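Report on one structure; see the data block that follows.
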Amino acid sequence: MIDNRNTIVLIPARMASTRLPGKPLADINGLPMIVQCWKRAVEANIGQVLVAAAEVEIADAVRAQGGDAIVTDPALPSGSDRIAEALALRDPQGRFEHVVNLQGDLPTIDSLSIQRCLAGLTNEAADISTIAAKIERDEDVANPNIVKAIAPLSEEREVAFARDFLRKVGPEHQPPFWHHIGVYAYKRPVLERFVSLPVSAREAERKLEQMRAMDNGMRIVVVRVDTVPLGVDTPAELETARRMLRKA
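If you want it as structure tokens, here you go:
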């Protein structure tokens, strides 16, 4: 078991979104999207929850609803860098041993998926844990915007080590294919090492940050989950999230 007293969920958020400006503060049924994501993390009940905000207005919105937030350098290049800075600021003494990186644009994610992501770290050989759901439609397999986790998962096997992460699969890859969901759990020294490394060649080529970990010998375990949460990047997806959470 992983002790929730030694675990922290960090949610990186910044206002600069190309397709949906001000995305963290977009209203979803009376609450800013970042607060909806914070609520999902709290519901998972796996540890403390902290929003790593690039701007003061994001932090203020979270605190106004009783949440915890810290303001980080707005110039940081990635969400991973943002959570690493927030962790160093909040916990310089190193009390938190496990760190979950939950994206701030997944307001519909279910708590079980967050729990399962962290649970992947119970495998002692794993450096990083992430989650994936089975792809059911051929058009999703062909869609390069859907990242595929290449791992020997099946209906019977819920956890497996990643062999690759791809945008396009080739004839050498056999179904089933798994829709990678960008939620990660790290052993703390792994996160600290990861953000210290330069961008790797395959990371730059595929625009997939997780390739930096694999290119540097880090072992990523993939845990199967049942559903893909809606990632909100456009006004249409924002409307869908509002409808989904009204029904919840």
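Residue numbering for the sequence shown is 1 to 248, as defined by the UniProt record's numbering. Here a beta-carbon is modelled for each residue, glycine too, at the ideal position from N, C-alpha and C. From a predicted model like this one, the values you see are computed outputs, not experimental measurements.
Delimiting residues of the beta strand (DSSP E) encompassing residue i
{"i": "R224", "result": "220 to 225"}
{"i": "F165", "result": "164 to 166"}
{"i": "S129", "result": "128 to 134"}
{"i": "Q48", "result": "48 to 53"}
{"i": "K187", "result": "178 to 187"}
{"i": "I150", "result": "148 to 150"}
{"i": "residue 254", "result": "Because the chain here runs from 1 to 248, residue 254 falls outside it and cannot be looked at."}
Extent of the continuous alpha helix (DSSP H) run through residue i
{"i": "T240", "result": "235 to 247"}
{"i": "T206", "result": "Residue identity check: residue 206 is Arg in the sequence provided, not Thr. R206 -> alpha helix (DSSP H) spans 201 to 206."}
{"i": "D138", "result": "138 to 142"}
For residue i, the three-state DSSP class (helix, strand or coil)
{"i": "G170", "result": "coil"}
{"i": "A213", "result": "helix"}
{"i": "L76", "result": "coil"}
{"i": "I114", "result": "helix"}
{"i": "V228", "result": "coil"}
{"i": "A13", "result": "strand"}
{"i": "L153", "result": "coil"}
{"i": "A125", "result": "coil"}
Cα-Cα separation between residue i and residue j, rounded to whole angstroms
{"i": "R242", "j": "N29", "result": "6 Å"}
{"i": "R19", "j": "A44", "result": "29 Å"}
{"i": "D73", "j": "A54", "result": "6 Å"}
{"i": "L238", "j": "Y186", "result": "29 Å"}
{"i": "R212", "j": "Q115", "result": "24 Å"}
{"i": "V190", "j": "G170", "result": "31 Å"}
{"i": "R188", "j": "V99", "result": "6 Å"}
{"i": "P235", "j": "V141", "result": "24 Å"}
{"i": "E97", "j": "G47", "result": "11 Å"}
{"i": "V183", "j": "Q93", "result": "25 Å"}
{"i": "L153", "j": "I70", "result": "37 Å"}
{"i": "Q65", "j": "I181", "result": "27 Å"}
{"i": "V35", "j": "L10", "result": "13 Å"}
Own chain partners of residue i with C-beta closer than 8 Å, once the 5 adjacent residues on each side are dropped
{"i": "R95", "result": "N6"}
{"i": "A201", "result": "D215"}
{"i": "E209", "result": "S78, S80, E203"}
Cross-strand partners of residue i (DSSP beta bridge)
{"i": "L71", "result": "First, the residue type needs correcting, since residue 71 is Val and not Leu in the sequence shown. BP columns for V71 point to A53."}
{"i": "V190", "result": "None, per the DSSP bridge assignment."}
{"i": "L31", "result": "I28"}
{"i": "I8", "result": "Q48, V99"}
Same chain only: Cβ atoms within 6 Å of residue i, ignoring 5 sequence neighbours per side
{"i": "R82", "result": "P12, A52, T72, L76"}
{"i": "G79", "result": "P12"}
{"i": "Q174", "result": "none"}
{"i": "I109", "result": "R40, P229"}
Within-9 Å CB hit, residue i to chain D
{"i": "R193", "result": "Absence of chain D from the displayed structure is noted, only one protein chain being present."}
Cβ neighbours of residue i in the same chain (closer than 7 Å, five flanking residues each side left out)
{"i": "R163", "result": "I150, A151"}
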